[in-house]
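In our numbering, the protein residues as written are 199 to 326.
The C-beta atom is built at its ideal place from N, Cα and C for all residues, glycine as well.
Right, here's the structure in full:
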């Protein structure tokens, strides 16, 4: 994401993996870099500019031809191939921010998922 403000920031990269309940990988989905206008990238915080710049993500976003709508379609198509509606939870590391952005910018994708979230950062904290 270009930041954490869902009103002004946007999704710039997504990936998806489907696992079973034992976390065995069933399918690896697309990884996509989503094009965003230069004006939006210019307004990112210094932290985002530094980290996304060093990783090459900013340049990749500028070079990408993938729209947010195309990305939503591709991810939804992938998830539909491997899961039933309402049964697949969103999972990831500190995934609550991701959920807010996906709810706003990819509502059809989120509609297919279960309402529950699995945040592995919580598990990491509990194991300390």
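Which of helix, strand or coil DSSP assigns to residue 296
helix
Quick check on the DSSP output: what are the complete beta strand (DSSP E) runs of length 3 or more inside the region 200 to 283, in order along the chain?
Fully enclosed beta strand (DSSP E) runs of 3 or longer: 211 to 217 and 223 to 231.
The beta strand (DSSP E) with residue 324 in it runs from where to where?
No beta strand (DSSP E) contains residue 324, which is instead part of the alpha helix (DSSP H) from 318 to 324.
On the premise that residue 310 lies in contact with residue 329, defined as a C-beta separation below 8 Å, what is that separation, rounded to the nearest angstrom?
The structure shown has nothing for residue 329, since the chain only spans 199 to 326.
Using 8 Å for Cβ pairs, my map puts residue 272 next to residue 305. What's the rounded Cβ distance?
No, residue 272 and residue 305 are not in contact; Cβ-Cβ is about 15 Å, not under 8 Å.
Closest by C-alpha distance to residue 208, when choosing among 243, 318 and 319
243
Does the Cβ of residue 313 have 16 or more other Cβ atoms within 10 Å, making it buried, or fewer, making it exposed?
exposed
Please say whether residue 287 and residue 315 have beta carbons closer to each other than 8 Å?
yes
Suppose you measure from the CA of residue 319 to the CA of residue 262; what does that come to, to the nearest Å?
30 Å
Taking residue 221 as the reference, give the member of 267, 245, 297 and 290 with the closest Cα.
290
Candidates 285, 251 and 236, of which the one nearest residue 219 by Cα:
The shortest Cα separation from residue 219 among 285, 251 and 236 belongs to 285.
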